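Reading through the C-alpha cells given below for one structure.
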Amino acid sequence: MMRSLRSRLIIGMLLGLATLLVAADTAIYMVQKHQLHRAFDETLASSANSLALLFHQGPWGPEFDITRAASLPAGQLRQDALFQFWSDQPIHLPPWRQTRTSAPREEEDTARSGPPPLPPDLLPFDWDNPYDLPPSLPDEWEPRGRRNTGRDTLVVRSPTLGEADLPRLETTPGKLSFARILLPDGTPGRAVGLRFQSPASMGPGPPRRIPAELTAVVAASTAAMDRELHFLVLLLAVTAIGTMAVSAGVAWLVVTRGLRPLSTVAHRIAAMDELGLKERIAPRDVPHEIEPVVNQLNGLLGRLDEAFERERALTADVAHELRTPAAEISTIAEITLSRSRGEDEYRQALGDTLESARSLQGLIEKLLTLARLESGHIKAQLDLIAMKPVLARQWSLVSGTAEQRRIVFDDQCPPDLMVTADPQLLEVVLSNALHNAVTYTPDDGRITVVGENGNSGCTLRIINTGCTLQKNDLVRVFDRFWRGDSARTKRTSLSCGLGLPLVRRAMEAVGGKADTDINADSRFVLTLTFGVENADE
Amino acid sequence: MRVLIVEDQAKLRTWLRKGLKEADFVVDATGDGNEGLWYAQNSPYDVIILDLMLPGLDGLSILRRLREQGRDDHVLLLTAKDTVADRVAGLNLGADDYLVKPFAFEELLARIRALVRRRYGKHSPVIEIGDLRIDTAKRRVWLREREIELRAMEYKLLEYLAQRAGETVSRTEIWEHLYDFGSETVSNVVDVYIGCLRRKLDRPDQNSLIQTRRGLGYVLGAES
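Going line by line, the protein sequences match chains R and Z.
Mapping to this note's numbering: the first sequence position 181 is 244, numbers consecutive.
Mapping to this note's numbering: the second sequence position 152 is 229, numbers consecutive.
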C-alpha cells in the first residue's frame, strides 16, 4: 500500500519538475510562436503596403509597376511573397500590354537594346514609351475585366503564382486582415488582405474620375517558420527529457544518501532481539528529522525492557512461590513413607500435605485471577451492591484467625452504603483486603472499616494498626510478590504477596481505584474508591 | 552428627527435622534468620542447612557473617531460587553445596552425609579402624566381619568418634554432637554411652577400642 519513502520522494520530485518543465516549455513555445508570427505578419503587412504603393491609376485603369516590385529591398518586400491584386473596375489594356503578363521570349530579349535585361520572371516594361498608345482604342481591345465584374477584375499577381489564384480574404478598407491559408502548391501559408484606393491618374490618357478600389492578398509560406517552431518543440522536449533523466539520477542519489541514516537505524533495530533491549540508538547519530522517531523508539525500547524485566522477575517469583509448597508436599510424603508409622503420624502428614496443597491451589487461583484481570479477560458486570452484607460475609471467613490473635474488628461501614461493582470482583477485593489486614495487624491490634458516600463515588477505608512499613515502601505494595520485609515477614504462611495487587486490579476492573497510606500513628490505610455508576457507561 | 536447619516454612522445617532425626542426626531448627545466626555462632554444627529468604536476616547474610567471623561450618543452601546467578552468589559467599526446592529428601541426606565426610577429611562412607568397620551411609557397624547392633545414641557416639579417629575428643564435644539445644544437661551421660559401646565392642583379653585420656576425653583407634 505504502510505497518506499525513496520512490515516493523521487516520484514527487520528478512530478514537480515535470510540471515545471512543461509549464516553462509551453511558455517559451507560446512566446516564441507569438513573436515569430508577429514578425511574419509584420513582413507580410510591410510587403502588402510596399506593393500597394506601386499602384497608380493609369489611363485604362489602375496599373501596377511590377518591375519596381522586383527592385524593392528585402526589408520592404518578402522575397518569397506571393501576391494578387483585384480591382472593382474593369481594366482595359492594349493587347501588347496584355501579352506582357506572360514571360518574354528569348529572341525578344536578345533583339532589345538599351535597359539591362530584367530577371526572366519579371515582366519587362517599356520605359521609353510607357504609354505607347494608339490614337484610338481599336475594336479588338477587350476590356480585361469584362468577364469579371465588380471587384473580381484581376489586376496583377506575382509571377511565381503562374495561373493559380490566391484565396480572396474578407477585407475592410484601411485595415489589414490576416489568415492562415493553403497556398496553391499545397503548403500551409499565411496571408494578409487589404483594401485600398488607387491614386488618381497622373499620366496621359482619359482621366478616371472614380478611383479604383483595389483588394490585395499577400501571402507567404509558413513552412520555414513551422520548421523553426517544430525544431523549437523538439529542442524543448529533448532538453526537458534530458533534465528529467539527470534529475531522476541526482534525486535517486540524494534521496538514497539522505535516507541512509534510516536504513542504518532499521538495520540496528532489525538486529535487536528481546535480549538486546538494553541497546539504545544515539539521537546524535541520526538527522534531526528522524530524531523524534528515534527518541520515541528509545522510549519504547525502555518500556519494553522494563516490561521484560518485570516478566522475568515475575516468572522467577512465581516459580519460587510455587516451589515452596511443592517442596513441602514432596518432603512430607517422602519422609513419611521412609518407614512405617503410627496412625497419628500419618494423620499429621496428610493434614500437613493437605494444607500445603491448599496453599498451592490458592496461589494458583490468585495468579490466574490476577493474570485474567491484567489481560482484560474478566469483564466486569457492574451492578449496584450493598456493601455491608458482603463485608460481613468476607469478615466471617477471616474472623477465626483474627480472634485467635485477639484482633478487634471495628465495622463502621454505614448500612446504606451502595457501591457500583461486579459482585464477584467485589468479593475478591474484600477477601484480599481483609486477609491482608489480618495478616499484617499485630496480635491485639485493631482493624477499622469506614465507609463514605461521596459525591464523586463511594469510598471504603480499611485501616489496620501496627504497620511496620515506611512511607517510601508504599509505591511497592501493589507489586506482585512484594512483602514488607526484604527477607520475609513474620507470618509468611498467611501471605503470598498477591493480595494487594489483586485488590488494585479488581478495583480497576470495576472502574474504581485502590490507594494506600500510612497514618502518623503507624496505621496502614487501604482506600477503595468506587466509581459512580453513570460514569462507567 | 549435628545439623542446623534454618527454614521459615514451618511444615517443611518440622518434617525435615523429623526426617533428619530418624536418620540419626542431632537436629536444631529455627525459622528466623537472626535466631539461626545465633544458633550457628553458639554451637558446633557439622552441617548448616540455610534457606535464602528468611524473616529477620536472609540466608546469604547469615552465611556472610559466619565466614567473616572465620567459621568454617559446612553450609548447604536450600532454596527455591534456581538461577545460575543465585547459585553462584551463594557458592561465592562460601556455601559448600546448593540444593533447589523441591528436592528429594534422599538427595538432601546424601549431600549432608557428603558434607560431613568432607568436614572430617574422609572420602569413603565406610570408615575402617582396625577390625571395626562403620558404613555411615547405611548406619551399620561390623566388628571382625560380624555385624553389631547399636542403639541410635550408641551409633551416633561411635560415628562421631570414628570420624575423628586418632584424635582426643572432649566430653563437651561429644555431648554437643549428641544432643540438640532442647536437651537437659546430664553430667555423666557421655560416660554411660562410652561404657555401653565398650561392652559391645571390646573383648576382655584386649585393650579397649575407646581409650580414656584422663582429664581430656576419649580417643578411638589410638596407637597405644
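Positions of the beta carbon are idealized from the N, C-alpha and C atoms, including for glycine.
None of these values were measured; they are calculated from a predicted model.
Chain-ordered neighbours of residue i on chain R, where CB pairs are closer than 8 Å
| i | result |
| --- | --- |
| glycine 96 of chain Z | Thr394, Glu397, Ile398, Ser401 |
| glutamate 99 of chain Z | Ile398, Ser401, Arg402 |
| leucine 93 of chain Z | Thr394, Ile398 |
| leucine 176 of chain Z | Those within 8 Å of leucine 176 of chain Z in chain R number zero; the least Cβ separation is about 10 Å. |
Proximal residues of chain R, C-beta to C-beta of residue i below 7 Å
| i | result |
| --- | --- |
| threonine 160 of chain Z | Ala379 |
| phenylalanine 180 of chain Z | Ala390 |
Distance CB(residue i)-CB(residue j) smaller than 8 Å
| i | j | result |
| --- | --- | --- |
| isoleucine 525 of chain R | leucine 565 of chain R | no |
| tyrosine 175 of chain Z | leucine 168 of chain Z | yes |
| lysine 233 of chain Z | aspartate 101 of chain Z | yes |
| valine 218 of chain R | tryptophan 149 of chain R | yes |
| asparagine 518 of chain R | threonine 504 of chain R | no |
| valine 280 of chain R | arginine 231 of chain R | yes |
| serine 284 of chain R | glycine 249 of chain R | no |
| aspartate 128 of chain R | glutamate 276 of chain R | no |
| glutamine 475 of chain R | threonine 511 of chain R | yes |
| isoleucine 189 of chain Z | valine 124 of chain Z | yes |
| leucine 561 of chain R | phenylalanine 544 of chain R | yes |
| leucine 83 of chain R | methionine 307 of chain R | no |
| proline 388 of chain R | serine 438 of chain R | no |
| leucine 192 of chain Z | aspartate 173 of chain Z | yes |
| tyrosine 409 of chain R | threonine 399 of chain R | yes |
| glycine 171 of chain Z | leucine 134 of chain Z | no |
| valine 357 of chain R | valine 328 of chain R | yes |
| valine 104 of chain Z | aspartate 257 of chain Z | yes |
Same chain, Cβ closer than 6 Å to residue i, neighbours up to 5 away in sequence not counted
| i | result |
| --- | --- |
| glycine 294 of chain Z | Thr245, Val246, Ser247, Arg248 |
| glutamine 161 of chain R | Summary for glutamine 161 of chain R: the model assigns pLDDT 45, below 50, so the residue's position carries little reliability, and this model does not support an answer. |
| valine 471 of chain R | Arg509 |
| leucine 360 of chain R | none |
| leucine 80 of chain R | Ser310 |
| leucine 72 of chain R | Val318 |
| glycine 136 of chain Z | Leu127, Asp128, Leu129 |
| lysine 576 of chain R | Met570, Thr592 |
| proline 350 of chain R | Pro324 |
| arginine 69 of chain R | Val318, Leu322 |
Interface partners of residue i on chain Z, CB under 8 Å
| i | result |
| --- | --- |
| serine 585 of chain R | Going along chain Z, no residue has its Cβ under 8 Å from serine 585 of chain R, so there is no contact; the nearest lies around 19 Å. |
| glutamate 418 of chain R | Lys88 |
| threonine 387 of chain R | Gln86, Leu89, Ala157, Lys178 |
| aspartate 542 of chain R | Ordered by position in chain Z, no residue passes the 8 Å Cβ test against aspartate 542 of chain R, which lies about 16 Å from the chain. |
| aspartate 336 of chain R | Per Cβ cutoff of 8 Å: no residues; aspartate 336 of chain R is ~20 Å from chain Z at best. |
| aspartate 407 of chain R | None at all; the shortest Cβ gap to chain Z is about 13 Å. |
Where residue i meets chain R, residues with beta-carbon distance less than 9 Å
| i | result |
| --- | --- |
| leucine 192 of chain Z | Neighbours of leucine 192 of chain Z on chain R: none; closest Cβ ~19 Å, over 9 Å. |
Contacts around residue i, its chain only, beta-carbon distance under 8 Å, and the 5 residues preceding and following it disregarded
| i | result |
| --- | --- |
| aspartate 159 of chain Z | Val177 |
| alanine 420 of chain R | Pro388, Ile392 |
| glycine 108 of chain Z | Val83, Glu84, Asp85, Gln86, Ala87, Arg90, Leu131, Pro132 |
Partners in chain Z for residue i, counting only beta-carbon separations shorter than 7 Å
| i | result |
| --- | --- |
| histidine 383 of chain R | Ala157, Lys158 |
| aspartate 580 of chain R | Under the 7 Å cutoff, chain Z gives no residues; its nearest Cβ is about 25 Å from aspartate 580 of chain R. |
| aspartate 536 of chain R | Chain Z residues near aspartate 536 of chain R: none, gap ~16 Å exceeds 7 Å. |
Within chain Z, the residues that residue i reaches when beta carbons sit closer than 9 Å
| i | result |
| --- | --- |
| aspartate 506 of chain R | Within chain Z, no residue comes near aspartate 506 of chain R; the closest Cβ sits about 16 Å away, beyond 9 Å. |
| aspartate 474 of chain R | Result: empty, since nearest Cβ-Cβ is about 31 Å, beyond 9 Å. |
| aspartate 446 of chain R | The premise fails here: aspartate 446 of chain R is roughly 41 Å from chain Z at the closest Cβ pair, so nothing lies under 9 Å. |
Cβ-heavy atom distance, residue i to the ligand ATP, below 7 Å
| i | result |
| --- | --- |
| lysine 158 of chain Z | For the ligand ATP, the structure offers nothing, since it holds no ligand at all. |
Close Cβ partners of residue i (< 7 Å) along its chain, the five nearest in sequence each way excluded
| i | result |
| --- | --- |
| glutamate 490 of chain R | Val453, Gln457 |
| leucine 238 of chain Z | Val246, Ile287, Tyr295, Leu297 |
| leucine 325 of chain R | Ile353 |
| alanine 174 of chain R | Confidence in alanine 174 of chain R is poor, its pLDDT being 44 and thus under 50, which makes the residue's placement too unreliable to answer from. |
| query | Counting pairs of Cβ atoms below 8 Å between the stretch 430–448 of chain R and the stretch 470–485 of chain R, do you hit three or more? | reply | Contact holds: three or more Cβ-Cβ distances are below 8 Å.
| task | Could you tell me whether the stretch 244–253 of chain Z touches the stretch 221–228 of chain Z, where touching means 3 or more Cβ pairs closer than 8 Å? | result | Note that the stretch 244–253 of chain Z does not touch the stretch 221–228 of chain Z; fewer than 3 beta-carbon pairs, one per stretch, sit closer than 8 Å.
| query | So does the stretch 205–224 of chain Z actually touch the stretch 262–271 of chain Z, counting three or more Cβ pairs closer than 8 Å? | reply | The answer is no - the stretch 262–271 of chain Z does not touch the stretch 205–224 of chain Z, with fewer than three Cβ pairs under 8 Å.
| request: Say whether the stretch 104–115 of chain R touches the stretch 133–151 of chain R, bearing in mind that this needs 3 or more beta-carbon pairs closer than 8 Å, one atom from each stretch. | output: The answer is yes - the stretch 133–151 of chain R touches the stretch 104–115 of chain R, with three or more Cβ pairs under 8 Å.
| 3-residue-minimum beta strand (DSSP E) runs that sit fully inside the stretch 200–266 of chain Z, ordered along the chain | Here the runs fully enclosed are 203–206, 209–212, 217–220, 223–225.
| task | Ignoring anything shorter than 3 residues or poking outside the stretch 499–540 of chain R, list the beta strand (DSSP E) runs there in chain order. | result | 509–517, 520–527, all fully within the stretch 499–540 of chain R.
| task | Run through the stretch 366–445 of chain R for me and flag every whole beta strand (DSSP E) of 3 or more residues, listed as ranges in chain order. | result | Fully enclosed beta strand (DSSP E) runs of no fewer than 3 residues are not present anywhere in the stretch 366–445 of chain R.
| field | At least 3 beta-carbon pairs within less than 8 Å: the stretch 88–98 of chain Z vs the stretch 410–423 of chain R | value | Contact holds: three or more Cβ-Cβ distances are below 8 Å.
| query | Are the stretch 344–361 of chain R and the stretch 317–334 of chain R touching by the rule of at least three beta carbon pairs closer than 8 Å? | reply | Enough Cβ pairs lie closer than 8 Å, so yes.
| said: Across the stretch 291–300 of chain R and the stretch 87–103 of chain R, are there enough close Cβ pairs to call them in contact, namely three or more that are closer than 8 Å? | reply: Result yes; three or more Cβ-Cβ pairs closer than 8 Å.
| Which runs of the beta strand (DSSP E), 3 residues or longer, sit entirely within the stretch 144–180 of chain Z? | Taken in chain order, the whole beta strand (DSSP E) runs of length 3 or more contained in the stretch 144–180 of chain Z are 151–156, 174–177.
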